[in-house]
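Contents: one structure, followed by commentary.
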């Protein structure tokens, strides 16, 4: 009897694995065009992700997360974002972060991990986790312009409200653990401050600026403020990179000759490969990694912390992208799940269509701004206005790769609750919106 109590799970997995191997439909797989498409779609999506997001989005985010761990004191995080912090300030800061960080559901993860592990309360941390990719000001403007003003306003209001409500509910549901965290941190000594607050603020502002402008998406209209910024994005990024180099020399005491060498090589490559900005950006990243990894002081600690985040997060993200590509494919392409199934399921404004749109959006991967043209196509194929809003509120903030990493950071129970809250609230919002304005 003891055997069955302790060993039934491993036995169940072994039996299921054996049955899968025994009845494996090799002939069907060999002759299935859909399975072959799913295999290649997973490869295409992971290649696209590596080309478009790892270098420009994730690596700068890893450096920012590492800097949070090393240069921001736990006391500061607890003061502004801790479970015992002023609620208006904590949730206010967390809920509007997306207007500054134009990041996707994966790029926000290192930043979330950084503030959560430094002592941020679960409520403000999850509010930040949701708002980072969801409240993207450019995406909201594009939504209003392409999909209609009503949907754009609904998305903006819903995303801000979601971030606060989800954060408050997470803090309420796990309040016992939050109280234990407060008690455990109450006796910690206040760490020494190595530099003034304004210096740290400027340092982080420069790095966030590099992340934002290097990933500034091309607007749909070739004129106006957004188009002007897009035309100048690499010049702005270059100026910020020069500012970062100066900070490394003056405040972090890195070798000036080495910093100048890296800066000069990056600058030469930026002119040599002006039509391929990824090359000089990669040179700058490699140079920064060399400068910090060979330093024995706080810059070395910064690289070590950034590397720890990269080791934990990047493999899970890439694995999640492969699975998402095999199931859903790239936008406009077929994989295991036929696109017409999704189009059929999200028609009208029923409870099921809203729930399905929220659930499908939660598992799909959307790069920043890509949800708008995808939705435009779905609406053209009969998608209801309610399910469209549900997908807009659940999709950009979540994805399968995102869930895998969140699970590794705060555990399965909190991850399931967080994802469930997003899906349920998106479903309810879609139902209400569809009933009133559908």
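Numbering (our numbering), first residue to last: 2 to 439. Just so you know, even glycine gets a beta-carbon here, dropped at the ideal spot from N, CA and C.
Start and end residues, alpha helix (DSSP H) containing residue i
| i | result |
| --- | --- |
| residue 199 | 198-215 |
| residue 336 | Per DSSP, residue 336 belongs to no alpha helix (DSSP H) and is neither H nor E. |
| residue 249 | 226-251 |
| residue 40 | 34-50 |
| residue 122 | Unbroken run through residue 122: none, as it is neither H nor E. |
| residue 402 | 401-411 |
| residue 266 | 257-273 |
| residue 278 | Run containing residue 278: none; DSSP gives neither H nor E here. |
| residue 316 | 299-329 |
| residue 169 | 150-174 |
| residue 222 | Neither: residue 222 is in no alpha helix (DSSP H) and is coded neither H nor E. |
| residue 24 | Here residue 24 belongs to no alpha helix (DSSP H), and DSSP marks it neither H nor E. |
| residue 367 | Element bounds for residue 367: n/a, residue is neither H nor E. |
| residue 88 | 88-96 |
Alpha carbon of residue i to alpha carbon of residue j, nearest angstrom
| i | j | result |
| --- | --- | --- |
| residue 133 | residue 256 | 35 Å |
| residue 233 | residue 207 | 16 Å |
| residue 1 | residue 430 | This structure leaves residue 1 out entirely; the chain is present only between 2 and 439. |
| residue 350 | residue 384 | 9 Å |
| residue 171 | residue 264 | 44 Å |
| residue 357 | residue 364 | 11 Å |
| residue 341 | residue 38 | 16 Å |
| residue 314 | residue 153 | 32 Å |
| residue 118 | residue 71 | 11 Å |
| residue 97 | residue 66 | 19 Å |
| residue 372 | residue 360 | 15 Å |
| residue 344 | residue 379 | 6 Å |
| residue 89 | residue 167 | 15 Å |
| residue 162 | residue 398 | 14 Å |
| residue 410 | residue 241 | 31 Å |
| residue 116 | residue 125 | 10 Å |
| residue 331 | residue 18 | 30 Å |
Residues that residue i bridges to, as DSSP identifies them
| i | result |
| --- | --- |
| residue 349 | 384 |
Contacts around residue i, its chain only, beta-carbon distance under 6 Å, and the 5 residues preceding and following it disregarded
| i | result |
| --- | --- |
| residue 438 | 151 |
| residue 267 | 281, 284, 285 |
| residue 2 | Interpretation of residue 2 is limited by its pLDDT of 49, a score under 50 that renders its predicted location unreliable; no figure is taken from the coordinates. |
| residue 219 | 231 |
| residue 130 | 113 |
Sequence-distant residues of the same chain with beta carbon closer than 7 Å to residue i, five excluded per side
| i | result |
| --- | --- |
| residue 155 | 390, 434 |
| residue 63 | 111, 307, 310, 311 |
| residue 235 | 278 |
| residue 237 | 214 |
Interface flag, residue i vs chain C, CB-CB below 8 Å
| i | result |
| --- | --- |
| residue 244 | Protein chains in the displayed structure number just one, and chain C is not present. |
For the segment 32-41 against the segment 284-297, do three or more pairs of beta-carbon atoms, one drawn from each stretch, fall closer than 8 Å, so that the two count as touching? No, because fewer than three Cβ pairs between the segment 32-41 and the segment 284-297 fall closer than 8 Å, the two stretches do not touch.
Any contact of the segment 253-268 with the segment 295-310, i.e. 3+ C-beta pairs under 8 Å? Pairwise C-beta distances place the segment 253-268 in contact with the segment 295-310, as three or more of them are shorter than 8 Å.
Check whether the segment 262-278 touches the segment 38-54, counting contact only when three or more Cβ pairs, one atom from each stretch, lie closer than 8 Å. Proximity of the segment 262-278 to the segment 38-54 falls short of the contact definition, fewer than three beta-carbon pairs being nearer than 8 Å.
Inspect the CB distances between the segment 422-429 and the segment 404-414 and report whether three or more fall short of 8 Å. No contact exists between the segment 422-429 and the segment 404-414.
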